[in-house]
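A short worksheet on the structure shown next.
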Amino acid sequence: DAGITQSPRHKVTETGTPVTLRCHQTENHRYMYWYRQDPGHGLRLIHYSYGVKDTDKGEVSDGYSVSRSKTEDFLLTLESATSSQTSVYFCAISETGLAKNIQYFGAGTRLSVL
Amino acid sequence: GENVEQHPSTLSVQEGDSAVIKCTYSDSASNYFPWYKQELGKRPQLIIDIRSNVGEKKDQRIAVTLNKTAKHFSLHITETQPEDSAVYFCAASSGNQFYFGTGTSLTVIP
């Protein structure tokens, strides 16, 4: 498996509280992604990053923000968690966004918002 | 944006039979089509991919075909084994973003 670590692996929180998920890579890949996985929806892109401090929105970005201050770390923040954000969150990395663009996934974070 | 549809959502086959999963995409700019296998509670893992300049690619028991004109691509698994049981996802990409199908749950019956 590619060197991708997600933390925490499991989290239970209450509605309205802020939550930050961390993705750490040791591959020095330029691109990093955050997805959420829900039954019947597959994997949906939340945000992605194409370099330090360079980020862009995906198809389900509302209610989420991201930051990338170092190549190896990509943080996903839920400013005020809602029950609809209960999901499994996957981080992914890829070497480039163009010709190669093979994605490798982290082990996932299971988030429950009560 | 891109829209990827995947069928069927569930598939059961007898061990040794073949399994076929189909996906369609909407954006003609998409040029990279990976397939991922996800076992229960695990991360998605790439099993095969194809680029738009190729019509077919094979890796042992797994093959993928691409029809750019019709905008569809398919995963073929031959001589299925119980360890092939998992959820399979197709995806399409034209660069920075990936769009995934909703997944096919494959069960191989011994």
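The listed protein sequences correspond, in order, to chains E and S. Residue numbering for the first sequence follows my numbering, beginning at 1 and increasing consecutively. Residue numbering for the second sequence follows my numbering, beginning at 115 and increasing consecutively. We put the beta carbon where it would ideally sit given N, CA and C, even for glycine.
Chain E within 7 Å of residue i, Cβ atoms only
i	result
T216 (chain S)	yes
Y202 (chain S)	no
Y139 (chain S)	no
Span separating the alpha-carbon of residue i from that of residue j
i	j	result
V222 (chain S)	F203 (chain S)	17 Å
Y213 (chain S)	G16 (chain E)	30 Å
T179 (chain S)	T216 (chain S)	19 Å
S219 (chain S)	R157 (chain S)	15 Å
G115 (chain S)	D141 (chain S)	7 Å
G58 (chain E)	S49 (chain E)	10 Å
N181 (chain S)	I135 (chain S)	14 Å
E27 (chain E)	Y33 (chain E)	14 Å
P148 (chain S)	L111 (chain E)	27 Å
S132 (chain S)	I191 (chain S)	6 Å
I164 (chain S)	K70 (chain E)	32 Å
D173 (chain S)	K151 (chain S)	14 Å
S126 (chain S)	C137 (chain S)	18 Å
T194 (chain S)	S80 (chain E)	46 Å
N210 (chain S)	E197 (chain S)	32 Å
Beta bridge counterpart(s) of residue i as assigned by DSSP
i	result
P148 (chain S)	S:D163
V66 (chain E)	E:L76
Q6 (chain E)	E:C23
L125 (chain S)	S:L220
D38 (chain E)	E:G42
R110 (chain E)	E:H10, E:V88
H186 (chain S)	S:T138, S:N181
E119 (chain S)	S:T138
D173 (chain S)	S:I176
is_contact[residue i, chain S] using C-beta, thresh 7 Å
i	result
L45 (chain E)	yes
G108 (chain E)	yes
N101 (chain E)	yes
G42 (chain E)	yes
Residue i beta carbon near the ligand ZN (any heavy atom closer than 6 Å)
i	result
S132 (chain S)	Of the ligands one can find in the structure shown there are none, so the ligand ZN has no counterpart to examine.
Under 7 Å between C-beta atoms of residue i and residue j
i	j	result
E95 (chain E)	H29 (chain E)	yes
F105 (chain E)	A92 (chain E)	yes
L76 (chain E)	Q85 (chain E)	no
Y139 (chain S)	V168 (chain S)	no
V113 (chain E)	T13 (chain E)	yes
S144 (chain S)	A206 (chain S)	yes
Discussion item. Along the region 149-165 of chain S, where does the CB come closer than 9 Å to a CB of chain E? Name the residues.
Written reply: Y150, Q152, G155, K156, R157, P158, Q159, L160, D163, R165
Item to complete: Below 9 Å between beta carbons is the criterion; list the residues of the region 53-81 of chain E that meet it against any residue of chain S, in chain order.
Response: D56, G58, E59
Discussion item. Counting only Cβ-Cβ distances shorter than 7 Å, please list the residues of the region 180-214 of chain S near chain E, keeping chain order.
Written reply: F203, S207, G209, N210, Q211, F212, F214
Practice prompt. Can you give me, in chain order, the residues of the region 115-126 of chain S that have a beta carbon less than 7 Å from any beta carbon in chain E?
Written response: G115
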